[in-house]
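**Q** Just so you know, the protein sequences line up as chains R and L, in that order. In the working numbering, each residue carries its 1-based index in the first sequence increased by 1215. In the working numbering, each residue carries its 1-based index in the second sequence increased by 19.
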Amino acid sequence: ELKVEQNPLFLSMQEGKNYTIYCNYSTTSDRLYWYRQDPGKSLESLFVLLSNGAVKQEGRLMASLDTKARLSTLHITAAVHDLSATYFCAVGVRAGGTSYGKLTFGQGTILTVHP
Amino acid sequence: DAGITQSPRHKVTETGTPVTLRCHQTENHRYMYWYRQDPGHGLRLIHYSYGVKDTDKGEVSDGYSVSRSKTEDFLLTLESATSSQTSVYFCAISESRRETQYFGPGTRLLVL
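(1) Going straight from the alpha carbon of R/E1273 to that of L/R117, what length do you get?
(2) Do L/L97 and L/T39 have their beta-carbon atoms positioned less than 9 Å apart in this structure?
(3) Identify the continuous beta strand (DSSP E) that holds L/R63 and give its terminal residues.
(4) Against chain L, does R/L1276 count as a neighbour if the rule is that its beta carbon must be under 9 Å from one of theirs?
(5) Relative to the C-alpha of R/I1325, which candidate in R/A1305, R/V1263 and R/A1300 has its C-alpha closest?
(6) Taking 9 Å as the threshold (beta carbon to beta carbon), is R/E1259 in contact with chain L?
(7) What are the boundary residues of the beta strand (DSSP E) that R/E1220 is part of?
(8) Can you give the Cα-Cα distance for R/K1317 and L/Y50, rounded to whole angstroms?
(9) In chain order, what residues of the stretch 1222-1253 of chain R put their CB closer than 9 Å to some CB of chain L?
(10) Quick one: using the 10 Å Cβ neighbour count with 16 as the cut-off for buried, is R/S1227 buried or exposed?
(11) Apart from the five residues on each side of it in sequence, which residues of its chain come closer than 6 Å, Cβ to Cβ, to L/S84?
(12) Leaving aside the five residues before and after L/Y69 along the sequence, list all residues of the same chain whose C-beta is less than 6 Å from its C-beta, in chain order.
(13) DSSP state of L/D81, grouped into three classes?
(14) Is DSSP giving R/L1298 helix, strand or coil here?
(15) Compare the C-beta of L/T90 with all C-beta atoms of chain R and state if any pair is closer than 9 Å.
(16) Flag L/S99 as yes if its beta-carbon sits less than 9 Å from any beta-carbon of chain R, otherwise no.
(17) Tell me R/L1258's beta-bridge partners as DSSP assigns them.
(18) Alpha carbons only, please: which of L/P58, L/D81, L/H60 and L/D57 is nearest the one belonging to L/H66?
(19) Under a Cβ-count criterion, where at least 16 other Cβ atoms within 10 Å of its own Cβ denotes burial, should R/L1264 be classed as buried or exposed?
(20) Does DSSP put L/S99 in a helix, in a strand, or in coil?
(21) Do you know whose CA, among L/S115, L/V107 and L/F93, lies nearest L/R41's CA?
(22) Can you tell me where the beta strand (DSSP E) with L/D73 in it begins and where it stops?
(23) CA-CA distance, R/S1241 and R/P1223?
Put into structure tokens, the structure is as follows:
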């Protein structure tokens, strides 16, 4: 059974600081997604990472994937208040050499950026 | 935004009553999913569909059934609602099983 763990679960940052959210998963997978969710809203897709060493960047967010370590990171550079949200990683289920549509989500990291 | 709507957006019901939630898409995507979101659990997959009349169970399928008679509609039914099914339900769609899943606005369900 695929397990996905994020840490930290709660992150309080000051504006202008850098920090990293970690996403560990327990079994082989071939794709990893990062989503953002604002309070009371739906999930917004941020990144999809499909291969070992993949790195994607958008604004102050950068995501990377190490499939050998079964680890993805979401790095926040010079945080601003608008980045306050909950961030989820999600890992695609793969079994018997087949990729399935099923995703297993981490618990989410609640990020609060203070002035 | 992906063309996904969910109805109703909010519902209050009583234990033991049947409830059906609807997901409608205008993107003609093959794959559709139902998730529930609860504090401390992230999102958990209930059921998904990989085509008309083709469905499969997810992680937390007990107490739920689904149907997909048209590409654009995916229905989630709680045959006899229980308080443990109080949650926020999200529908998602994707073009293929490896493509990004896009989420609908969600339905807040309260079972009293």
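Glycine is no exception: its CB is placed at the ideal position from the N, C-alpha and C atoms. Because the structure is a prediction, the values reported are computed rather than measured.
**A** Quick look at the numbers:
(1) Rounded to whole angstroms, R/E1273 and L/R117 show a C-alpha spacing of 21 Å.
(2) Taking 9 Å as the cut-off, the beta carbon of L/T39 is found closer than this to the beta carbon of L/L97.
(3) G61 to G70 is the extent of the beta strand (DSSP E) around L/R63.
(4) Closer than 9 Å: no.
(5) Residue R/A1300 holds the alpha-carbon nearest to the alpha-carbon of R/I1325 among R/A1305, R/V1263 and R/A1300.
(6) With 9 Å as the cut-off, R/E1259 counts as an interface residue toward chain L.
(7) Boundaries of the beta strand (DSSP E) harbouring R/E1220: V1219 to N1222, taken from the DSSP string.
(8) Taken atom to atom, the span from the alpha-carbon of R/K1317 to that of L/Y50 is near 10 Å.
(9) Of all residues in the stretch 1222-1253 of chain R, L1224, D1245, R1246, Y1248, Y1250 and Q1252 have a Cβ within less than 9 Å of some Cβ in chain L.
(10) Exposure of R/S1227 is indicated by the presence of fewer than 16 other C-beta atoms within 10 angstroms of its C-beta.
(11) Only T96 meet the Cβ criterion.
(12) Excluding positions up to five away in sequence, the list reads Y50.
(13) Assigned with DSSP and collapsed to three states, L/D81 falls in coil, not helix or strand.
(14) Of the three classes helix, strand and coil, the one that applies to R/L1298 here is helix, per DSSP.
(15) Taking Cβ atoms only, chain R never reaches closer than 9 Å to L/T90, which makes this a no.
(16) Under the 9 Å criterion on CB atoms, L/S99 is classed as non-interfacial with respect to chain R.
(17) Beta-bridge pairing by DSSP links R/L1258 to R/Q1252.
(18) Between L/H66 and the set L/P58, L/D81, L/H60 and L/D57, the nearest pair of CA atoms involves L/D81.
(19) Label assigned to R/L1264: buried.
(20) In this structure, DSSP gives L/S99 a state outside helix and strand, which the three-state scheme calls coil.
(21) Measuring from the Cα of L/R41, the nearest candidate turns out to be L/F93.
(22) Per DSSP, L/D73 is one residue of the beta strand (DSSP E) stretching across D73 to K76.
(23) When rounded, the distance between both Cα atoms is 17 Å.
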